[in-house]
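Asks: Just so you know, we're using this note's numbering here: the sequence shown kicks off at 2 and counts up by one. Let me begin by handing over the structure; questions about it come next.
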Amino acid sequence: QVQLVESGGGLVQPGGALRLSCAASGRISSFLSMAWYRQAPGKQREWVATIFSGGTTNYADSVKGRFTISRDNAKNTVYLQMNSLKPEDTAVYYCRAGTLQGSSWGQGTQVTVSS
2 QVQLVESGGG LVQPGGALRL SCAASGRISS FLSMAWYRQA PGKQREWVAT
52 IFSGGTTNYA DSVKGRFTIS RDNAKNTVYL QMNSLKPEDT AVYYCRAGTL
102 QGSSWGQGTQ VTVSS
């Protein structure tokens, strides 16, 4: 099973930026996809963005134009660049890897957007 470790979360003011990282134990170039999800207090986990093996990316409407998912195959790391952050972006952000063997999740990293 793939091990995933997220980092980069923290407290940021509205309008600010953060970059999340997700380091994988395996070769992400062989994965079908990698994605970011988030879960706000009292809400269900929701999908944020996906990057597929071929490089195609998809985004939730709520983050389109503000967030960018990318990857560094040499470092086996996926990133989520978050700009123009809003209080409603506050959540625990999780990384998910999709492989032929199934899905793996990280433990999450907290992002808090507040003045």
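Note that beta-carbon positions come from the ideal geometry of N, C-alpha and C, so glycine has one too.
(1) Check each candidate in Q2, G17 and L5 and name the one with the smallest Cα separation from F68.
(2) Return the chain-ordered ranges of every beta strand (DSSP E) run that is complete within the stretch 6-32 and spans a minimum of 3 residues.
(3) I'd like to check one pair, R39 with V93: are the Cβ atoms closer than 8 Å?
(4) Taking contact to mean 3 or more Cβ pairs, one atom from each stretch, closer than 8 Å, check whether the stretch 25-40 and the stretch 51-61 are in contact.
(5) Roughly how many angstroms lie between the CA atoms of V112 and W48, to the nearest whole one?
(6) Name the residue from V13, G10, Q14 and A25 whose alpha carbon lies nearest to the alpha carbon of Q4.
(7) Spatial neighbours of S105 within its chain, please: CB distance less than 8 Å, with the 5 preceding and 5 following residues excluded, ordered by chain position.
(8) When the Cα atoms are used, what is the spatial distance from K117 to L81?
(9) Which residue's Cα is closest to the Cα of A75: L12, I29, G9 and V13?
(10) Mind checking which residues open and close the beta strand (DSSP E) that includes V79?
(11) Quick one: Cα of E89 to Cα of R46, how far?
Replies: On the basis of the supplied data:
(1) Comparing Cα-Cα distances from F68 to each of Q2, G17 and L5, the minimum goes to G17.
(2) Qualifying beta strand (DSSP E) stretches, in chain order: 11-13 and 19-25.
(3) Going by beta carbons, V93 and R39 fall inside the 8 Å limit.
(4) The stretch 25-40 vs the stretch 51-61: in contact.
(5) The C-alpha of W48 is placed about 15 Å away from the C-alpha of V112.
(6) Of the candidates V13, G10, Q14 and A25, A25 places its Cα closest to the Cα of Q4.
(7) For S105, same chain residues with a beta-carbon under 8 Å away, outside a window of 5 residues either side, are Q2, V3, Q4, L5, R97 and A98 in chain order.
(8) Any answer about residue 117 is impossible in this case: the structure gives the chain only from 2 up to 116.
(9) When C-alpha distances from A75 are compared across L12, I29, G9 and V13, the shortest belongs to I29.
(10) T78 to M83 is the extent of the beta strand (DSSP E) around V79.
(11) Cα to Cα, E89 sits roughly 14 Å from R46.
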